[in-house]
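Taking it in order: structure first as structure tokens, then the write-up.
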Amino acid sequence: MTTSPKHNPHEEKLAQLARAIEEYESGEYSPTIIDPVAEERKSAVRHRALLLLNSRRRSRKELFDRLSTPTQSQHKRQQTAESGDDDVATDAASSLVDPTVINEVLDDLERVGLIDDDLFAEQWVRERHQRRGKTRRVLDQELIHKGVAEEVRLRALSQLSDEDELHVARALVEKEVAKVGELADRRHYDKALRSLVGKLARRGFGTSLALNLCREALEPLRRF
1 MTTSPKHNPH EEKLAQLARA IEEYESGEYS PTIIDPVAEE RKSAVRHRAL LLLNSRRRSR
61 KELFDRLSTP TQSQHKRQQT AESGDDDVAT DAASSLVDPT VINEVLDDLE RVGLIDDDLF
121 AEQWVRERHQ RRGKTRRVLD QELIHKGVAE EVRLRALSQL SDEDELHVAR ALVEKEVAKV
181 GELADRRHYD KALRSLVGKL ARRGFGTSLA LNLCREALEP LRRF
């Protein structure tokens with residue numbers, strides 16, 4: 001029995017936009033996606049945006065910030081312009097991307113589903129919780145930094161429960177305790193306890209939970 005290829009809507013959206021760009025270049029553009037008047041000034045920005053999106057989903061703010069940052073070649077032109085060459089200064093100024101153009105490109109990508117803060121936040125929370133053991137508190141701060149709106153963050157974080165976080169905390173403690181040898185005295189015990197609690201705290205776990213789990217895990221190693 002044969003199985004059909006796995007459906008990947010993200011790749012389909014990329015292909016859709018690529019087809020629209022090809023149609024424009026051949027003179028058969030689709031006005032619902034490509035505006036021929038603005039295409040020349042938007043094409044370089046769109047190219048950078050698609051390269052960034054090719055690696056993973058990104059929030060709209062994250063993309064705007066990255067696209068607003070000069071490329072290496074633009075940065076070199078700016079440095080040269082600062083040396084006093086008026087012609088170079090004019091070229092450097094014209095090479096900087098207008099925020100309006102960036103937003104127009106982001107609007108285009110949003111319309112075809114390549115930018116979707118809901119999907120981005122959902123994926124970010126799920127993967128960083130599973131792979132890195134991040135808590136809701138830490139993940140919320142990360143999403144704030146990415147410019148994700150509060151209501152979107154709340155929906156994404158609702159994937160996780162207290163039980164999920166407890167499970168991750170226990171697994172992390174078990175992994176770290178396996179590296180600890182016998183604790184011959186109070187000094188060694190306190191050092192190991194501080195180290196374990198600190199690792200949990202950096203992932204956003206509360207002090208009370210961290211202390212209880214770590215003390216419980218270290219108890220069999222005590223020799224005093």
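Sequential numbering from 1 applies to the sequence shown in the UniProt record's numbering. Glycine is no exception: its CB is placed at the ideal position from the N, C-alpha and C atoms.
Asked	Found
Local Cβ density within 10 Å of THR100, reported as buried at 16 or more and exposed below that	exposed
Chain-order list of residues whose beta-carbon lies under 8 Å from that of LYS61 (same chain, five-residue window excluded)	LYS146, GLY147, VAL148
Alpha helix (DSSP H) segment containing ALA201, residue limits	186-202
contact_flag[the segment 161-181, the segment 209-218] where n(CB pairs < 8 Å) is 3 or more	yes
Short Cβ contact (7 Å threshold) for GLY206 with VAL168	no
Residue from ALA192, ARG126, GLU151 with nearest C-alpha to GLU165	ARG126
Start-to-end residues for the alpha helix (DSSP H) that takes in THR69	That residue, THR69, is in no alpha helix (DSSP H); it is neither H nor E in DSSP.
Spatial neighbours of LEU200 in its chain, beta-carbon cut-off 8 Å, leaving aside the 5 residues before and after	ALA169, LEU172, VAL173, LEU209, ALA210, LEU213, CYS214
Sequence-distant residues of the same chain with beta carbon closer than 7 Å to TYR189, five excluded per side	LEU183, LEU218, ARG222
Status (buried if at least 16 other CB within 10 Å, exposed otherwise) for SER158	exposed
Local conformation of ARG111 per DSSP, three classes	helix
ARG58 in three-state terms, based on DSSP	coil
Simplified DSSP assignment, three categories, for GLY206	coil
Alpha-carbon spacing of ILE115 relative to LEU193, whole angstroms	44 Å
ARG222, DSSP secondary structure in three states	strand
Under 7 Å between C-beta atoms of LEU143 and ARG153	yes
For GLU151, the first and last residue of its enclosing alpha helix (DSSP H)	150-157
Cβ neighbour criterion (16 or more within 10 Å) applied to SER59	buried
Per-residue burial, ASP98 [other beta carbons within 10 Å of its own, 16 or more giving buried]	exposed
The ligand GDP heavy atom lying under 6 Å from the CB of ASP164	With respect to the ligand GDP, the structure offers nothing, as it holds no ligand at all.
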